[in-house]
Amino acid sequence: MASELLAESLSMLFYTVAAGALTVAGVTAEYASLQHFGSGETMVALWLAAIGGIMLYAGVYGLGYQKVLRGVRGQ
1 MASELLAESL SMLFYTVAAG ALTVAGVTAE YASLQHFGSG ETMVALWLAA
51 IGGIMLYAGV YGLGYQKVLR GVRGQ
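Mind the numbering: the sequence shown is residues 1 to 75 in the UniProt record's numbering, read in order.
Next comes the structure, spelled out in structure tokens:
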């Protein structure tokens with residue numbers, strides 16, 4: 001029983017940290033995209049915007065909502 005609780009707690013901690021890291025990296029990529037767009041480097045800006053959007057989606061929805069929030073709620 002205790003080992004199952006420990007395993008579940010560690011997996012939730014991992015998913016929480018991974019969701020946070022992906023979200024921060026996504027926001028950073030989006031910010032860098034705006035900086036490159038402002039300096040006229042459109043292709044780099046578009047690439048960073050796409051990567052940032054994917055990271056934000058994965059961090060907020062994929063891990064944050066699907067794994068962490070549902071795991072906390074017990075669904």
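Where is the CB? At the ideal position from N, CA and C, for every residue including glycine.
When only Cα atoms are considered, ILE51 and GLY38 end up about 18 Å apart. In this chain, the alpha helix (DSSP H) harbouring SER3 covers 2-38. DSSP, read as helix, strand or coil, puts GLY74 in coil. Sequence-distant Cβ neighbours of THR23 in its own chain, meaning closer than 8 Å and more than five residues away, are MET55, LEU56, GLY59, VAL60, GLY64.
VAL44: member of the alpha helix (DSSP H) spanning 42-56, first to last residue.
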